[in-house]
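Asker:
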Amino acid sequence: MVSVIIKRDLLGNSMGFSCDGHAGYAEKGVDIICAGISALTMTTVLALDQLTKLQLKIKQDPAQGLLECDWDSIPTEVQQANLIVQVMAIGLQDMAAQYPEYLKVSEVEV
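Under this note's numbering, think of the first position of the sequence shown as 156, with each following residue one higher.
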């Protein structure tokens with residue numbers, strides 16, 4: 156199962172996210188759940204990098220299925236970062252509703 160955790164501050168602003176695990180829906184290379192999660196999370200990292208001035212801290216371990224992306228809040232970038240992360244969250248939550256045995260999405264306050 157893949158676990159995605161969206162990190163938010165006390166005001167509900169996004170501060171990062173982590174994605175950990177393997178879906179196990181199908182064999183490596185043909186797992187549509189894994190591919191969908193990867194597409195959403197990696198596009199989010201690219202959008203945050205290219206559309207904001209946030210300094211991203213990224214950690215990856217493909218063998219473990221790990222992607223962590225964190226950042227320090229910059230007041231001028233909060234709205235843009237929140238929107239980008241919310242788009243990812245909507246896509247992931249929809250996938251989790253369809254495939255609850257393969258994906259769990261949660262939020263934590265940091």
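Virtual Cβ for every residue (Gly too), placed ideally from N, Cα, C.
Note that this is a predicted model, so its numbers are computed, not measured.
#1: What does the Cβ neighbour count give for SER169, buried or exposed, with the cut at 16 atoms within 10 Å?
#2: With a CB to CB cut of under 7 Å and the five nearest residues on each side skipped, what residues in its chain are close to ASP204?
#3: For ALA236, count neighbouring C-beta atoms within 10 Å of its own C-beta (all shown protein chains included) and say buried if the count is 16 or more, exposed if not.
#4: Any chance the segment 228 to 244 sits against the segment 178 to 191, with 3 or more Cβ pairs inside 8 Å?
#5: In this structure, what does DSSP give as the bridge partners for GLN205?
#6: Between PRO217, LYS259, VAL263, LEU166, which has its C-alpha nearest MET197's C-alpha?
#7: So within the segment 210 to 240, which uninterrupted alpha helix (DSSP H) runs reach at least 4 residues, ignoring any that extend past its ends?
#8: Take ILE192 as the anchor and find which of GLN215, ALA251, GLU182, ASP225 has the nearest alpha-carbon.
#9: So what does CYS122 bridge to, in DSSP terms?
Answerer: Judging by the given coordinates:
#1: On the sequence shown, position 14 is the one that residue 169 refers to. Looking at its Cβ environment, which holds 16 or more other Cβ atoms inside 10 Å, SER169 is buried.
#2: By 1-based counting over the sequence shown, the position of residue 204 is 49. Annotation for ASP204: LEU211 place their beta carbon closer than 7 Å to its own, counting only its chain and skipping 5 residues before and after.
#3: Locating residue 236 in the sequence shown gives position 81, where the first residue counts as 1. Buried, because 16 or more other Cβ atoms sit within 10 Å of the Cβ of ALA236.
#4: By the Cβ rule, the segment 228 to 244 does not count as touching the segment 178 to 191, because fewer than three pairs are nearer than 8 Å.
#5: In the sequence shown, counting from the first residue as 1, residue 205 sits at position 50. As far as DSSP is concerned, GLN205 takes part in no beta bridge.
#6: Position 42 of the sequence shown, counted from the first residue, corresponds to residue 197. Nearest of PRO217, LYS259, VAL263, LEU166 to MET197, Cα basis: PRO217.
#7: none
#8: The residue you call residue 192 lines up with position 37 of the sequence shown. Closest option to ILE192, Cα to Cα, is ALA251.
#9: Within the shown structure, residues of the chain are numbered from 156 to 265, placing residue 122 beyond reach of any answer.
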